[in-house]
Amino acid sequence: MIDQHRDGMNAIVVNLARRSQLLVEQQLRLLEEMEREERDPDRLAALFRLDHLAARLRRNDENLLVLAGGQVRRRPGEGLPLDGMVLAALSEIEQYQRVRAEVEDVAEVSGHATGDLIHLLAELFDNATGFSPPDSPVRVISVMDDESVTLEITDEGIGLSPGALAELNVLLAAPPDLTVAASERMGLVVVSHLAARHRVRVQLRSSHAGTCAKVRIPGDLLILEGAARQ
Numbered sequence: 031m032i033d034q035h036r037d038g039m040n041a042i043v044v045n046l047a048r049r050s051q052l053l054v055e056q057q058l059r060l061l062e063e064m065e066r067e068e069r070d071p072d073r074l075a076a077l078f079r080l081d082h083l084a085a086r087l088r089r090n091d092e093n094l095l096v097l098a099g100g101q102v103r104r105r106p107g108e109g110l111p112l113d114g115m116v117l118a119a120l121s122e123i124e125q126y127q128r129v130r131a132e133v134e135d136v137a138e139v140s141g142h143a144t145g146d147l148i149h150l151l152a153e154l155f156d157n158a159t160g161f162s163p164p165d166s167p168v169r170v171i172s173v174m175d176d177e178s179v180t181l182e183i184t185d186e187g188i189g190l191s192p193g194a195l196a197e198l199n200v201l202l203a204a205p206p207d208l209t210v211a212a213s214e215r216m217g218l219v220v221v222s223h224l225a226a227r228h229r230v231r232v233q234l235r236s237s238h239a240g241t242c243a244k245v246r247i248p249g250d251l252l253i254l255e256g257a258a259r260q
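Here is the structure:
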């Protein structure tokens, strides 16, 4: 009975999120048309701000879909370079100006995973900027080895206690079901679900400045730069 009730509630959440998502997609298409035709720089800047807000609303709908077990169908299945994926994720957060990215263009991410990984990174960027001083930078670097690429996202916040870090890393390693408690940590719960879909490993570590989120992208999701250009 409990499982049936949970499944029913999840189905309601998925239906509501999809309806909202359709409206946001229509809004984004309309804004894109208006941006192409607008010649006044001030009005164009205002349209870009509306576009950015609509993209954030779309991600919120996608969060609900992920938590309720629905599939997000938004982006075409095309490969994307690592630096392009980071830029796409930054376009979906409020404080994107604070992020300093130094990501090497050494690989592309396979098309079937790009949408989910952009979403995952946007949630981590949002978390890093939201829990650190508004005048501090958030830094992103890439580290490549023989089998994977790791993106490191470091903020200058107050950090986390060892116990809190351990608890959050357990959450990131094992996606929880949709509950009231899980919804209070929606961003990291969504990250956990998206990472599990693609065998991406996300871990939090203390850094000298605050907290560092490490995102390990496995080799089977990557196309190395040389291979991508052949």
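Note that our numbering gives residue 255 to position 225 of the sequence shown, counting from 1, and the numbers run on in steps of one. The beta carbon of each residue, even a glycine, is placed where N, CA and C say it ideally should be.
* **Close beta carbons around Leu190, own chain, < 8 Å, minus the five adjacent residues each side** => Leu198, Leu234, Ser236 and Thr241
* To do: Just confirm the distance between the C-beta atoms of Gln51 and Arg88, as a whole number of angstroms; I'd bet it's less than 8 Å.
  => A Cβ-Cβ separation of about 6 Å places Gln51 in contact with Arg88 under the 8 Å criterion.
* Are the beta-carbon atoms of Val168 and Ile188 separated by less than 9 Å? -> no
* Look at the alpha carbon of Leu80 and the alpha carbon of Glu55, and state the distance between them as a whole number of angstroms. => Whole-angstrom Cα-Cα distance: 13 Å.
* **6 Å CB neighbourhood of His173 in its chain, flanking five on each side removed** => A quick correction: the sequence has Val, not His, at residue 173. So the list reads Thr180, once near-sequence residues are dropped.
* Nearest to Leu218 by alpha carbon, out of Glu67, Leu195 and Leu251? -> Leu195
* **As assigned by DSSP and simplified to three states, the class of Gln57** => Of the three classes helix, strand and coil, the one that applies to Gln57 here is helix, per DSSP.
* Unbroken alpha helix (DSSP H) run spanning Leu154, endpoints -> Gly141 to Gly160
* Asked: Taking the alpha-carbon positions, what's the Val232 to Ile148 distance?
  -> Answer to the nearest angstrom: the Cα atoms are 14 Å apart.
* Taking the DSSP output, what are the residues bridged to Glu138? -> Answer is Pro111 and Ile253.
* Span of the alpha helix (DSSP H) holding Val200? -> Pro192 to Ala203
* **Terminal residues of the alpha helix (DSSP H) in which Ala85 lies** => Pro71 to Leu97
* **Residue from Pro163, Gly160, His82 and Val245 whose Cα sits closest to the Cα of Arg59** => His82
* **Range covered by the beta strand (DSSP E) that runs through Arg235** => Arg231 to Ser236
* Asked: Is the beta carbon of Ala143 sitting closer than 9 Å to the one on Leu254?
  -> no
* Asked: Among the residues of its own chain, which have a CB less than 8 Å from the CB of Arg86, if the five just before and after it don't count?
  -> Glu122, Ile123 and Glu124
* When the Cα atoms are used, what is the spatial distance from Ala258 to Gly114? -> At Ala258 the pLDDT is 45, less than 50, meaning the model places this residue with poor confidence; the figure from the coordinates comes in the next sentence. Ala258 and Gly114: Cα-Cα distance of roughly 14 Å.
* Asked: Under a three-way DSSP split, which group does Ala239 fall into?
  -> coil
* To do: State yes or no: is the C-beta of Leu120 within less than 9 Å of the C-beta of Val245?
  => no
* Note down, in chain order, each residue of its chain lying with its Cβ closer than 7 Å to the Cβ of Ala41, except the 5 sequence neighbours on either side. => none
* To do: With a 10 Å radius around its C-beta and 16 neighbouring C-beta atoms as the bar for buried, classify Arg49 as buried or exposed.
  => exposed
* Would Gly249 pass as a contact of Ser178 if the rule is Cβ separation under 9 Å? -> yes
* Pairwise C-alpha distance: Val170 and Pro164 -> 17 Å
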